[in-house]
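Residue numbers (my numbering), protein chains in the order written: chain U, 1 to 134; chain B, 1001 to 1134. Note that CB positions come from ideal geometry on N, CA and C, so glycine has one too. Predicted model, so just to flag it, every value in this text is computed and none were measured. First up is the structure itself, then whatever we jot down about it.
Number of protein chains: 2
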Amino acid sequence: MTEARKLTRNQSLVLEKLKSAAGPLSAYDLLDRLRSNGFRAPLQVYRALKVLMERGKVHRLESLSAFVACCGNHGHDAVMVAFAICDECGQVSEFADETVSDRLQQWVGRRGFTAATAAIEIRGLCEACSPQTN
Amino acid sequence: MTEARKLTRNQSLVLEKLKSAAGPLSAYDLLDRLRSNGFRAPLQVYRALKVLMERGKVHRLESLSAFVACCGNHGHDAVMVAFAICDECGQVSEFADETVSDRLQQWVGRRGFTAATAAIEIRGLCEACSPQTN
DNA sequence: GTATGTAATGTTATACTATTACACATATCG
DNA sequence: CGATATGTGTAATAGTATAACATTACATAC
């Protein structure tokens, strides 16, 4: 198991901001929102994010260069997590599908590849933002 | 079908560089390699990349902020493409798996989400870079 | 309590990635 | 020709991320 130390002040602040945000936040968004808490430099944010990601509490959305708090609704295992990101409203849904995970693992495994992390990000339109069909 | 115009000079140059590269290249890598061809500004690269990606000739690796030529070995359809990226040597394998594609489509579809594009990137160690086990 | 090692922090500067804005050119089509 | 659309060149700027260094906080051992 990963060592589960208590979060430091900076780490807690960053995590709280992400949890209370409506959607993904960039590191600089976070910095701006934490200036009133004494944050002054990007590195303070990036360092906190690094630890939070290592502990699985935060995910980085590669295609947005932004970060979200982990929803925690999926199996706590080392399954690959996927995201559906609405290009219109920015809403993000997090999910994990074991079949997807297994198939991807199998494909790379057959070639001797050892998977460490994965980014699975689907971009499109959420229901609310889709053009009406009726 | 997507209009298949002939590539312009800049677009061809960028595509050729990507095809002949050993691995993914960043936009600025490309710029440096194309200075002898008259390239002077990042925008010349980014504009060519944009068109090449729209035509499916180039993929962007979100987790690297880099670009690769499409291998063309997978079904030419609108299937989601996946990548295995070695964190050690930078080698990239491109592949498409219909099951993965279908499962992801199903998951988001069930929630009324309309998928437009996807990024599936697995990071880890390729066979050659994995620690020996024998 | 003091020494020591480790992790976290604060700060500045810098590197890397990407886009905006504007001017000019070229091609196609009526 | 005039009108629209696309491509180009250039400069300036915005946005994302890390390197390097000095300092502080805290746990543990002596």
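Work out the CA separation of residue j and residue i for me, nearest whole Å.
| i | j | result |
| --- | --- | --- |
| U/VAL58 | U/ALA66 | 10 Å |
| U/LYS50 | U/LEU15 | 11 Å |
| U/GLY109 | B/SER1012 | 35 Å |
| U/PRO131 | U/PHE113 | 41 Å |
| U/ALA136 | U/LEU61 | As displayed, chain U neither begins before 1 nor continues past 134, which places residue 136 of chain U out of reach and without an answer. |
| U/CYS89 | U/CYS129 | 7 Å |
| U/GLU54 | U/LYS17 | 18 Å |
| B/ARG1009 | B/GLY1038 | 11 Å |
| B/VAL1138 | U/GLN91 | Outside the displayed range of chain B (1001 to 1134) lies residue 1138 of chain B, so it cannot be described from this structure. |
| B/GLY1056 | U/ARG35 | 42 Å |
| B/GLY1075 | U/ASP29 | 40 Å |
| B/LEU1007 | U/GLN44 | 45 Å |
| B/LYS1019 | B/ASN1073 | 14 Å |
| U/ARG40 | B/ARG1005 | 50 Å |
| U/ALA48 | B/ALA1048 | 37 Å |
Does the distance from the C-beta atom of residue i to that of residue j stay below 8 Å?
| i | j | result |
| --- | --- | --- |
| B/GLU1098 | B/VAL1081 | no |
| U/GLU121 | U/PHE95 | no |
| B/CYS1086 | B/CYS1126 | yes |
| U/ALA115 | U/GLN106 | no |
| B/ALA1027 | B/TYR1046 | yes |
| U/THR117 | B/ARG1033 | no |
| B/SER1093 | U/ARG111 | yes |
| U/LEU31 | U/PRO42 | yes |
Taking the beta carbon of residue i as the centre, do at least 16 other beta carbons fall within 10 Å, making it buried, or is it exposed?
| i | result |
| --- | --- |
| U/ALA119 | buried |
| U/SER63 | buried |
| B/PRO1024 | buried |
So with Cβ pairs under 8 Å, would you call residue i a contact of chain B?
| i | result |
| --- | --- |
| U/GLY124 | yes |
| U/ARG103 | yes |
| U/THR2 | Residue confidence for U/THR2 is low, a pLDDT of 39 falling below 50, so the modelled location carries little weight and cannot support an answer. |
| U/VAL68 | no |
| U/SER93 | yes |
| U/VAL58 | no |
| U/THR99 | yes |
| U/THR117 | yes |
| U/GLU121 | yes |
| U/GLU127 | yes |
| U/ALA84 | yes |
| U/SER36 | no |
If we cut at 8 Å on Cβ distances, does residue i have a partner in chain U?
| i | result |
| --- | --- |
| B/GLU1054 | no |
| B/PHE1039 | no |
| B/GLY1023 | no |
| B/ASP1111 | Residue identity differs from the one stated: residue 1111 of chain B is Arg in this sequence, not Asp. At least one chain U Cβ lies under 8 Å of B/ARG1111. |
| B/SER1063 | yes |
| B/SER1026 | no |
| B/GLU1088 | no |
| B/SER1020 | no |
| B/VAL1108 | yes |
| B/THR1008 | no |
| B/SER1130 | yes |
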